[in-house]
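Numbering (the numbering used here), first residue to last: 6 to 164.
Okay, structure coming up:
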């Protein structure tokens with residue numbers, strides 16, 4: 006059995022869904038479910054995407070409905086938790102994160118790490134050298150999100 010799926014939409018798509026649902030006197034959830042069923046059961050997904058990059062067609066950064074993080078932010082929380090050493094810190098380089106995250110740019114990773122720190126989900130750990138990758142550790146709030154993403158409790162790991 007698969008886990009329930011909750012999806013959030015960028016502002017313009019969300020507003021269009023509400024507008025169309027109101028016109029049809031439907032709840033937005035019913036409209037989206039019916040549209041997705043029609044696309045999937047009618048084998049129309051390839052026609053809708055039509056060879057385009059689905060991430061570009063989505064029109065923005067989709068966010069997890071439960072934690073509010075973007076895909077790249079969730080991926081970074083997961084990778085930091087997964088690669089944490091005995092001290093709880095992950096020491097991947099920016100290119101190390103990039104290699105593990107399909108389609109992520111170095112700039113996108115830097116921005117997402119800064120945002121996660123601002124949100125209080127990760128903290129920087131000092132390094133003794135400019136040549137050593139910046140270490141990041143999950144805060145208690147970050148560990149809670151990691152546990153939900155990984156499906157397991159956080160114990161510090163062996164990275």
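Note that the Cβ used here is the ideal one computed from N, Cα and C, for glycine as well.
Give the DSSP bridge partners of residue i, in chain order.
| i | result |
| --- | --- |
| residue 102 | Bridge partners of residue 102: none, in fact. |
| residue 85 | In the DSSP output, where bridge partners are listed per residue, residue 85 has none listed. |
| residue 128 | 142 |
| residue 5 | What the structure shows of the chain is the stretch from 6 to 164, and residue 5 is not part of that stretch, so it cannot be assessed. |
Rounded to the nearest angstrom, how far is the Cβ of residue i from that of residue j, given a contact under 8 Å?
| i | j | result |
| --- | --- | --- |
| residue 122 | residue 128 | 7 Å |
| residue 154 | residue 83 | 5 Å |
| residue 126 | residue 147 | 4 Å |
| residue 78 | residue 142 | Wrong, their Cβ atoms sit about 16 Å apart, outside the cutoff. |
| residue 97 | residue 88 | 6 Å |
| residue 115 | residue 109 | Actually they are not in contact, since the Cβ atoms of residue 115 and residue 109 sit about 10 Å apart, beyond 8 Å. |
| residue 33 | residue 39 | Between residue 39 and residue 33 the Cβ distance is about 11 Å, and since that is not below 8 Å, they are no contact. |
Taking all protein chains shown into account, decide if residue i is buried (16 or more other Cβ within 10 angstroms of its Cβ) or exposed.
| i | result |
| --- | --- |
| residue 86 | buried |
| residue 156 | exposed |
| residue 45 | exposed |
| residue 150 | buried |
| residue 54 | exposed |
| residue 74 | buried |
Kindly indicate which residue of the options has the alpha-carbon position closest to the one of residue i.
| i | options | result |
| --- | --- | --- |
| residue 144 | 156, 124, 137, 131 | 124 |
| residue 100 | 139, 49, 76 | 139 |
| residue 72 | 42, 12, 142, 94 | 12 |
| residue 131 | 92, 102, 149, 150 | 92 |
| residue 95 | 107, 81, 106 | 81 |
At a threshold of 7 Å, does residue i count as lining the ligand NAP (C-beta to nearest heavy atom)?
| i | result |
| --- | --- |
| residue 137 | In terms of ligand content, the structure shown is empty, and the ligand NAP therefore cannot be addressed. |
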